[in-house]
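Here the sequence shown stands for residues 1 to 186, numbered as in this note's numbering. For every residue, glycine included, the Cβ atom is placed at its ideal position computed from N, Cα and C. Please read these numbers as outputs of a predicted model, since none were measured by experiment. First comes the structure, then the notes that go with it.
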Amino acid sequence: MKVRDRILVITDLFLGALWADEEFTEDEQRAVRKLLADLMLCTPDDLPTNVEDRIAGFDPLTFDLEGATKDFEADPPMAKRRLLELVGKMVDADGVMDMKEDEYLRRLAKCLDMDYDEYSDLVLDYEIEELRESFEALRTPPPPMVASDGRSSRPPPPPIVGEIAAPNVGVGALPPPPPLVDRDDE
């Protein structure tokens with residue numbers, strides 16, 4: 001089946017990917033139009049009206065990923081991989097791939113009945129245990145910084161905007177020394 005015959009379904013899959021992070025930026029809008037135009041061998045300004053209407057009317061809340069992928073069930077593994085690569089290109093259109101977009105790619109691969117080893121290089125590589133350890137490290141407060149004399153060894157906090165901080169005054173700071181007096185003048 002030709003790309004032109006599936007362009008509306010492909011458009012839906014691209015838009016689903018772009019909306020996965022709940023944003024559809026101008027950069028992403030330009031990227032989807034450019035990629036669709038490349039697939040259709042035209043310019044972004046010459047996209048067919050039905051494609052433009054599909055982009056404008058796409059509703060991420062009613063989008064059915066499983067239904068959209070039915071058209072690709074009989075495709076060979078390499079064609080499914082290529083589709084996933086194209087959708088991955090859309091996910092990366094804003095320069096950031098977050099976990100929601102990664103999850104979309106994984107769901108798409110599952111709907112296409114792909115094995116993990118067929119697409120593992122296209123998704124984020126993270127281990128749940130690694131994430132758990134990282135979150136635990138963030139939750140654990142640092143040990144108190146206390147000098148041997150019991151005073152905090154942390155630097156004083158910066159002054160609040162609008163306040164004038166007195167010099168050498170802060171947590172654990174000593175008061176300024178008295179002015180020097182010249183004994184010869186007495």
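Can you round the beta-carbon distance between residue i and residue j to whole angstroms, since I take them to be within the 8 Å contact cut?
{"i": "Leu-108", "j": "Thr-69", "result": "7 Å"}
{"i": "Lys-89", "j": "Leu-112", "result": "About 16 Å separates the two Cβ atoms, so there is no contact after all."}
{"i": "Ile-55", "j": "Val-32", "result": "7 Å"}
{"i": "Ala-17", "j": "Val-87", "result": "5 Å"}
{"i": "Asp-115", "j": "Phe-63", "result": "Not really, about 25 Å apart at Cβ, beyond 8 Å."}
{"i": "Leu-41", "j": "Ile-7", "result": "Wrong, their Cβ atoms sit about 11 Å apart, outside the cutoff."}
{"i": "Met-19", "j": "Pro-60", "result": "The sequence given here has Trp at residue 19, not Met. With 8 Å as the limit, Trp-19 and Pro-60 qualify as a contact, their Cβ atoms being about 4 Å apart."}
By alpha-carbon positions, which one of the options ends up nearest to residue i?
{"i": "Phe-14", "options": "Asp-5, Leu-47 and Leu-84", "result": "Leu-84"}
{"i": "Glu-28", "options": "Val-3, Asp-92 and Asp-12", "result": "Asp-92"}
{"i": "Leu-35", "options": "Val-3, Leu-65 and Ala-20", "result": "Val-3"}
{"i": "Asp-21", "options": "Leu-105, Asp-5, Arg-139 and Arg-82", "result": "Leu-105"}
{"i": "Asp-98", "options": "Leu-47, Leu-86, Val-123 and Tyr-116", "result": "Val-123"}
{"i": "Pro-187", "options": "Pro-60, Glu-118, Glu-23 and Glu-26", "result": "No statement about residue 187 is possible, as the shown extent of the chain runs from 1 to 186 and does not include it."}
{"i": "Phe-24", "options": "Glu-101, Gly-67 and Arg-82", "result": "Glu-101"}
{"i": "Arg-82", "options": "Asp-121, Glu-26 and Pro-141", "result": "Asp-121"}
{"i": "Glu-66", "options": "Lys-110, Gly-57 and Glu-136", "result": "Lys-110"}
{"i": "Asp-125", "options": "Glu-103, Pro-179 and Thr-140", "result": "Glu-103"}
{"i": "Glu-26", "options": "Gly-95, Leu-47, Arg-151 and Arg-139", "result": "Gly-95"}
Once DSSP output is grouped into helix, strand and coil, what is the label at residue i?
{"i": "Val-123", "result": "coil"}
{"i": "Pro-77", "result": "helix"}
{"i": "Lys-2", "result": "coil"}
{"i": "Glu-52", "result": "helix"}
{"i": "Leu-41", "result": "coil"}
{"i": "Ala-31", "result": "helix"}
{"i": "Phe-63", "result": "coil"}
{"i": "Leu-8", "result": "helix"}
{"i": "Arg-151", "result": "coil"}
Only counting the same chain, and skipping five residues up and downstream in sequence, which positions put a Cβ closer than 7 Å to that of residue i?
{"i": "Asp-149", "result": "none"}
{"i": "Asp-71", "result": "Arg-6 and Val-9"}
Is any beta-carbon of chain C found at less than 8 Å from that of residue i?
{"i": "Asp-46", "result": "No chain C is present in this structure, which holds just one protein chain."}
For residue i, which residues in the same chain have their Cβ closer than 8 Å to its Cβ, ignoring the five residues on either side in sequence?
{"i": "Val-51", "result": "Ile-7, Leu-8, Thr-11, Leu-36 and Met-40"}
{"i": "Asp-46", "result": "Ala-37"}
Taking 6 Å as the limit between beta carbons, can you name the residues of its chain near residue i, skipping five residues before and five after?
{"i": "Phe-58", "result": "Leu-15"}
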